[in-house]
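Each residue of the sequence shown is one higher than the one before, starting from 1 at the first, in UniProt numbering.
The beta-carbon is built from N, C-alpha and C at its ideal position, and this holds for glycine as well.
So the structure is just underneath, and the comments pick up after that.
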Amino acid sequence: MPAQRLVQGQPPTREPILLVHQVSGTFLQSENQSTTTLNDEVQNENHWPLPSDKTVRWRLYEIRLRGGRSVYLMEHQVNEHVLTFRPGSGPGSIPGLSPILTTREGRTGSPPQHWRFVPVPGTGANYWGIVPDQYPGYALGLYNNHVADDQWVVPTPTWGGPPTLFHAWSAVPTTIPAGDDDEEEDARLVGEDEGAASEPRTNM
């Protein structure tokens, strides 16, 4: 049986992106689709044409943890809130809640704000599983595996293996409408996390 091809390189960090779910063809967006995003959950949508504001745009920032591995902050471009993982209701419970947008904690964010972008094997394209760093046995997918728009985006299990095509997202560079004045330094990496990397929990 031929070996599965893995994506080479890293997701883009130098420009705003649209995160597109490959099975449904929808994109990741804040729930309220407005300029008030604090504590918003996230869902998938398929509006066309794309909204002319920043409600569908994200920016990734790489955080280098001790030990040489990288995680990412997922910053929503409206108010610079970052996607934050929410565990289950108690220790060992299934983390089935949609992540929410919160204020970044410190320069490099807190462990629940750290996400891995894991290549999806066998696709032959730059598709990524978006994995909460603290729960590597899960990746973001659509609630109850519903292939439709306007669904909650939630952690779904990978069953001990790599992310599957259902977990696959592409990071599509997208332009910002003329007149926005994002600073050039925003495209740079956040830098190294001087604290010790948190221990992941598989919760499987």
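Pairwise C-alpha distance: residue j and residue i
i, j, result
"residue 174", "residue 161", "31 angstroms"
"residue 138", "residue 158", "5 angstroms"
"residue 64", "residue 109", "12 angstroms"
"residue 19", "residue 140", "12 angstroms"
"residue 72", "residue 59", "10 angstroms"
"residue 155", "residue 41", "12 angstroms"
"residue 87", "residue 105", "17 angstroms"
"residue 22", "residue 153", "13 angstroms"
"residue 96", "residue 142", "11 angstroms"
"residue 130", "residue 67", "20 angstroms"
"residue 107", "residue 136", "23 angstroms"
"residue 113", "residue 70", "13 angstroms"
Those residues which DSSP pairs with residue i across a bridge
i, result
"residue 75", "59 and 82"
"residue 172", "18"
"residue 113", "For residue 113, which the question treats as bridged, DSSP gives no partner whatsoever."
"residue 41", "100"
"residue 87", "Beta-bridge pairing links residue 87 to no other residue."
"residue 118", "129"
"residue 10", "Note: residue 10 sits in no beta bridge, so no partner."
"residue 70", "64"
"residue 26", "21"
Sub-8 angstroms separation of residue i and residue j beta-carbons
i, j, result
"residue 134", "residue 85", "yes"
"residue 102", "residue 144", "no"
"residue 171", "residue 115", "no"
"residue 32", "residue 151", "no"
"residue 61", "residue 13", "yes"
"residue 79", "residue 149", "no"
"residue 57", "residue 16", "yes"
Residue from the options with nearest C-alpha to residue i
i, options, result
"residue 147", "78, 25 and 97", "25"
"residue 82", "67, 156 and 55", "55"
"residue 11", "117, 152, 125 and 132", "117"
"residue 100", "27, 119, 75 and 122", "75"
"residue 125", "168, 77, 152 and 37", "168"
"residue 48", "121, 130 and 27", "27"
"residue 36", "15, 66, 67 and 77", "77"
"residue 98", "136, 17 and 132", "132"
"residue 120", "15, 164 and 51", "164"
"residue 50", "29, 68 and 70", "29"
Task: Continuous beta strand (DSSP E) assignments of at least 3 residues falling wholly in the stretch 124 to 156 - done: 128 to 132 and 138 to 142
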